[in-house]
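Residue numbers (this note's numbering), protein chains in the order written: chain H, 840 to 1120; chain W, 7 to 376.
From the three backbone atoms N, C-alpha and C, an ideal C-beta is built for every residue, glycine too.
Here is the structure we will look at.
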Amino acid sequence: MRYQRPGLDIASHLLLAVGCGLFFLPVWLAFAASTHSMSELSGHVAPLWVGDTGLANYARLIEDPVNSLGTNVLKLLANSLVMALGIAVGKIAISLLAAYAIVFFRFPLRRLCFWLIFITLMLPVEVRIVPTYQVAADLHLLDSYPGLILPLIASATATFLLRQFYLTIPPELVEAARIDGAGPWRFLRDILLPLSKTNIAALFVIMFLYGWNQYLWPLLVTTDADYMTVVVSLKRLLTTGDSPVPWQDVTATAMLAMGPPVLVILLMQRYFVKGLVDSEK
Amino acid sequence: MATLQLSALEKRYPNGFTALHGIDLAVEDGELVVIVGPSGCGKSTLLRTLAGLESITAGELAINARRVNDLEPAERDIAMVFQNYALYPHMSVYDNMAYGLKNRGVAKADIRRRVNATAELLDLGALLDRRPRQLSGGQRQRVAMGRAIVREPQVFLFDEPLSNLDAKLRVQMRLEIRRLQKRLGVTAVYVTHDQTEAMTLADRLVVMNAGRVEQCGTPMALYDRPATRFVAGFIGSPAMNFLPVTVRGERLELPDGGELDLATGLDDGAELTLGVRPEHLTTLPDGAAMPASAVALDTRVELIEPLGADTLAYTRLAGLDEPVVARLDGEHAVAEGQTLRLVLTGERLHLFDAEGQRLAERRCAVDVVS
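Here you go:
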C-alpha cells in the first residue's frame, strides 16, 4: 500500500536523508582524519574536510610494516579475508549437509541431533572460550589459519535456516527425483543446491560479516603478527603507551577494514534480500 | 510391454496401522487399470508401493514376472505422474524431461532426440525453454506426462493427476491420457477418487475400501453387477438409492408398506437392502397402466436439479430417512413440493444382505418374476 500525498513523500525523504547523514557522519570523519598527517591531528578537534597526505598515508600502511604491529595492513587484510571466507564457506558447507541429513534422512536420534545442534545457539564462543582455547592449544592450532577458522565453523543458525527451507520442499519432488534415478548426492547437487541458491547467498553475506568482525577469538589464538586480523589490529594500534595515538593510521586501517564487507554486501545485495524474503518455488 | 502381478500384497506401518490387507491384482500388458475409492482407502499407498516409494511388508510384487519388492524406484522401470506434478522448479521443461535420462547415462544426442519426439507428441515443442512456473496448470500436467513418457518405462503410474485442474481441462486431459496410453500401448495404473474419471478411463476398475479390494472388473460390469453395497454406492452418479426391505414370502416389503414381487428364497422377515439407480426409476405416463410385477413409490419432491438433458429429483418416501433420487427426462415437468409417482419395476434391481454382500441368485429370481 502506498499513500499518495506529496507532503508525506517530502517528509519521509527528509527523514531518510537525516538518517543517512547521521550514519554517514562517523564514516566521513574517519575518512577525513585518515587523510591528514599526524601533526595536523594531534591536539586538534577532528577535521571535517580531507587533508593532503591521504594517498601517502594509505600507501605507507599497505607497503611498510606498521611499527606497533610488526606487519603491514595488506597482510592483515589477507588474514582477515582467509578467516572470513573460511568461516563463511565452512559454515555453509557444514550446515547444508547437517540440514540435509536432518530433513531428508530417517535415522535413530534424528530429533535429538537436531536439538543438540539447536541448543549450541545458547553457547556462543564467549561462553565456551576457555575449553575451546584448551582444545585448540592441544591440537597445536594456535597461530594458524585452521586455529582461526575451525572453532567458529559450525553454525546452528545456518543449519536452522536451511532446515526450514528444506521443509518447504514438497515430498513429491524428492520422490520424483528418486524415480528419475537421482541418488542422495545427485539429489543434493542437482535439485537441492540450485533451489537453495538464494538462501546460500544470504547466508554467505551474514556469515562473511560474522567471520570478518570476529575479535575475541583471533585476539586469543594469535600472538604471531603473521596471523593477526585487521579487526584485532585496530585495537592494537590504539595501545601506544605514552606516545600519541597515530590517528591517521587508525582511521585509515579502519577504512580499509570496512572495504571487503562493503564489497560483499554490494555485490550480493540482490540475492541477499531475495534469499531472506522469498523462497523460490 | 509389461505385466504387473500383485499377490497378497500387504503394507503395515511401524505404528501398527495396516494400510493394505493382502491385495491380489494382475494387470495385463497394455491395460489401463484404475484404482478408485474414498480417501484413506489405501489406493495411494498401493500406488506408492508399486512405485517403490513405500516398502512392502508382505506379499509379492512382480513386473514382467520379475520380483521387484526390494528394488529402488529407479530400478523398477516405472514412471509416475504426481498430483501436484512435482516438476523441478529450477529446470527448464527440456531439462525436466531429460533429467531421468541423464541420470541413466543415456547419450546426449539420444536424449535430445527422445525429448524432442515426446515434446512433439504432447505439443510442448514451443515451451521447452520455459520454467515450470511460467506454464499453466494444463501445460505443467503435460510436462509431467512428458517426463514419464520420455523414459519409455514398463509401467505408468498416475496418482490423481487431474485433480488440480479445472473441470473443463480435466475432461480434456482425461481424453488425452486415454489416447496416449492406447497409442503407446503402455501398461498403466491410475489412482483417482473421482468415479466419473475412473469409469471413463478404465479398461478395468478396482474399487478399494479400507485397504481391501471390494471388486475388480470392467466399468460396466461394476455398474451392472456391483458385488457389494459399497461398490454399488460408489460407482454411478448420483449414487444408487438404498431401500431397506423385508422378505415376505415371495415378495419384498418396502419401507412405505408397498410390496414388490421378488422371490429370494430367504426366510420370512429377513432384512435386506434393495438398491436401485436413479436412472432406473421411471415415471408412468398419464393414463398408462402399471406393468405387472412393478410397484409404485408415491413420493413428494423436495428438491430438483435440472441438468439440461436430465433433471434430478430428490424425493421423500414415507418410512425412509434418506431422499430417493430419480433421474428424469429433462423435458419432464416437475416442481418442488408436488407428489411424484415413481415406478419400481422388477428389473435392474440390486439386493444386498445385512453384510452388504450381493445376493447371488437375485438376478435369476428377478428374471423369473418379470
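Cβ of residue i within 7 Å of any heavy atom in the ligand SAH?
i: proline 244(W); result: Looking at this structure, you won't find the ligand SAH or any other ligand, since it has none at all.
Per DSSP, which one or two residues make a beta bridge with residue i?
i: valine 958(H); result: Reading off the sequence, residue 958(H) comes out as isoleucine, not valine. Per DSSP, none; premise fails for isoleucine 958(H).
i: lysine 17(W); result: Leu26(W)
i: arginine 73(W); result: Ala68(W)
i: tyrosine 320(W); result: Leu309(W) and Val331(W)
i: cysteine 222(W); result: Val212(W)
i: glutamine 1053(H); result: Glutamine 1053(H) pairs with nothing; no bridge assigned.
i: phenylalanine 358(W); result: Thr279(W) and Arg364(W)
i: arginine 257(W); result: Arg254(W) and Asp267(W)
i: leucine 1034(H); result: Paired residue(s): none; leucine 1034(H) is not in a bridge.
i: aspartate 304(W); result: Arg347(W)
i: threonine 289(W); result: Leu348(W)
i: glutamine 1108(H); result: Note: glutamine 1108(H) sits in no beta bridge, so no partner.
i: leucine 31(W); result: Leu12(W)
i: valine 905(H); result: Thr910(H)
i: valine 198(W); result: The question names valine, but residue 198(W) is threonine in the sequence shown. Bridge partners of threonine 198(W): Val42(W).
i: threonine 234(W); result: Gln363(W)
Which stretch, first to last residue, makes up the alpha helix (DSSP H) that contains residue i?
i: valine 192(W); result: It is not in any alpha helix (DSSP H) - valine 192(W) carries neither H nor E in the DSSP assignment.
i: phenylalanine 164(W); result: Where phenylalanine 164(W) is concerned, there is no enclosing alpha helix (DSSP H), although the beta strand (DSSP E) it sits in stretches over 161–165.
i: glycine 860(H); result: 845–873
i: glutamate 1011(H); result: 1010–1018
i: aspartate 977(H); result: 968–977
i: methionine 877(H); result: 877–880
i: tryptophan 1024(H); result: 1023–1026
i: valine 828(H); result: What is shown of chain H runs 840 to 1120, which leaves residue 828(H) out entirely.
i: glutamate 384(W); result: Residue 384(W) lies beyond the stretch modelled for chain W, which goes from 7 to 376, so this question has no answer here.
i: phenylalanine 999(H); result: 995–1006
i: asparagine 102(W); result: 99–109
i: tyrosine 984(H); result: 984–988
Return the chain-ordered list of same chain residues with a C-beta closer than 8 Å to the C-beta of residue i, the five sequence neighbours on each side being excluded.
i: alanine 154(W); result: Ala85, Met86, Val87 and Phe162
i: proline 244(W); result: Pro284, Leu318, Val331 and Arg333
i: alanine 71(W); result: Thr9 and Gln11
i: threonine 55(W); result: Leu15, Lys17, Leu26, Ser61, Ile62 and Leu67
i: glutamine 187(W); result: Leu38, Phe162 and Ala194
i: arginine 146(W); result: Tyr91, Leu93 and Pro138
i: proline 1075(H); result: Correcting the residue identity first, residue 1075(H) is arginine in this sequence and not proline. Excluding residues within five positions, the ones whose Cβ falls inside 8 Å are Ser907, Leu908 and Met1067.
i: aspartate 262(W); result: Leu303, Asp304, Leu323, Ala324, Gly325 and Leu326
Between residue i and the rest of its own chain, which residues show a CB-CB distance below 6 Å, the 5 nearest in sequence each way excluded?
i: serine 994(H); result: Lys930 and Ser934
i: phenylalanine 1047(H); result: Ala923, Ala927 and Val1103
i: leucine 991(H); result: Ile926
i: leucine 287(W); result: Ala332 and Leu348
i: isoleucine 956(H); result: Ala995 and Thr998
Residue i lies in the beta strand (DSSP E); which residues open and close that run?
i: glutamate 60(W); result: Here glutamate 60(W) belongs to no beta strand (DSSP E), and DSSP marks it neither H nor E.
i: glutamine 140(W); result: Here glutamine 140(W) belongs to no beta strand (DSSP E), and DSSP marks it neither H nor E.
i: leucine 38(W); result: 38–42
i: isoleucine 84(W); result: 84–87
i: glycine 281(W); result: 277–282
i: valine 349(W); result: 345–350
i: proline 250(W); result: 247–254
Please work out which residues of its chain come closer than 7 Å, Cβ to Cβ, to residue i, disregarding the five sequence neighbours upstream and downstream, and give them in chain order.
i: arginine 18(W); result: Thr24 and Thr63
i: leucine 920(H); result: Pro1099
i: arginine 176(W); result: Leu168
i: leucine 1001(H); result: Ser934, Leu935, Ala938, Ser1035 and Asn1038
i: glutamine 201(W); result: Val42, Phe240, Ile241 and Ser243
i: threonine 892(H); result: Thr874, His875 and Ser876
Evaluate the contact criterion for the stretch 277–284 of chain W versus the stretch 240–259 of chain W: three or more CB pairs, one atom per stretch, below 8 Å.
Yes: at least three Cβ pairs fall under 8 Å.
Interface positions of the stretch 1018–1038 of chain H facing chain W (Cβ-Cβ less than 9 Å), listed along the chain:
Listed in sequence order: Ile1018, Asp1019, Gly1020, Ala1021, Gly1022, Arg1025, Asp1029, Ile1030, Pro1033, Leu1034 and Lys1036.
Count the CB pairs spanning the stretch 858–866 of chain H and the stretch 1049–1065 of chain H that are closer than 8 Å, and state whether there are at least three.
Taking one beta carbon from each stretch, the stretch 858–866 of chain H and the stretch 1049–1065 of chain H have fewer than 3 pairs nearer than 8 Å; the two do not touch.
Decide yes or no for the touch test of the stretch 111–126 of chain W against the stretch 1023–1035 of chain H: beta carbon pairs closer than 8 Å, at least 3 of them.
These segments do not touch.
Report yes or no: do three or more beta-carbon pairs, one from the stretch 195–208 of chain W and one from the stretch 35–51 of chain W, lie closer than 8 Å?
As far as the Cβ criterion goes, the stretch 195–208 of chain W touches the stretch 35–51 of chain W, which means the pair count is three or higher.
Tell me which residues of the stretch 183–213 of chain W have at least one Cβ-Cβ distance to chain H shorter than 9 Å, keeping chain order.
Listed in sequence order: no entries.
If contact is defined by three or more beta carbon pairs under 8 Å, each pair taking one atom from either stretch, is the stretch 45–60 of chain W in contact with the stretch 977–987 of chain H?
With the cut-off at 8 Å, the stretch 977–987 of chain H and the stretch 45–60 of chain W do not touch.
Measuring CB atoms only, is the stretch 45–56 of chain W touching the stretch 215–222 of chain W, in the sense that at least three cross pairs come out at less than 8 Å?
Contact holds: three or more Cβ-Cβ distances are below 8 Å.
Name, going along the chain, the residues of the stretch 54–87 of chain W whose beta-carbon falls closer than 9 Å to a beta-carbon of chain C.
Of the protein chains in the structure, H and W, none is chain C.
Relative to chain H, which residues along the stretch 103–119 of chain W have a C-beta separation below 7 Å, given in chain order?
Of all residues in the stretch 103–119 of chain W, Tyr105, Gly106, Asn109 and Arg110 have a Cβ within less than 7 Å of some Cβ in chain H.
Identify each residue in the stretch 1004–1018 of chain H for which the Cβ-Cβ distance to at least one residue of chain W is less than 7 Å, and report them in chain order.
If you check each beta-carbon in the stretch 1004–1018 of chain H against every beta-carbon of chain W, the ones closer than 7 Å belong to Pro1009, Glu1011, Leu1012, Glu1014, Ala1015, Arg1017 and Ile1018.
Taking three-plus beta-carbon pairs below 8 Å as touching, is the stretch 1097–1112 of chain H in contact with the stretch 1041–1048 of chain H?
They touch, by the three-pair rule.
When you compare the stretch 1005–1018 of chain H with the stretch 944–955 of chain H, are there three or more beta-carbon pairs, one atom per stretch, that lie closer than 8 Å?
They do not touch, by the three-pair rule.
Are at least three pairs of beta-carbons, each pair with one atom in the stretch 868–876 of chain H and one in the stretch 1083–1094 of chain H, less than 8 Å apart?
Taking 8 Å as the limit for Cβ pairs, the verdict is that the stretch 1083–1094 of chain H does touch the stretch 868–876 of chain H.
With three or more C-beta pairs closer than 8 Å as the rule, is the stretch 342–358 of chain W touching the stretch 300–320 of chain W?
By the C-beta criterion, the stretch 300–320 of chain W is judged to be in contact with the stretch 342–358 of chain W, since at least 3 inter-stretch pairs fall below 8 Å.
Taking 8 Å as the threshold, find out whether the stretch 218–235 of chain W comes into contact with the stretch 352–364 of chain W through three or more Cβ pairs.
Taking 8 Å as the limit for Cβ pairs, the verdict is that the stretch 352–364 of chain W does touch the stretch 218–235 of chain W.
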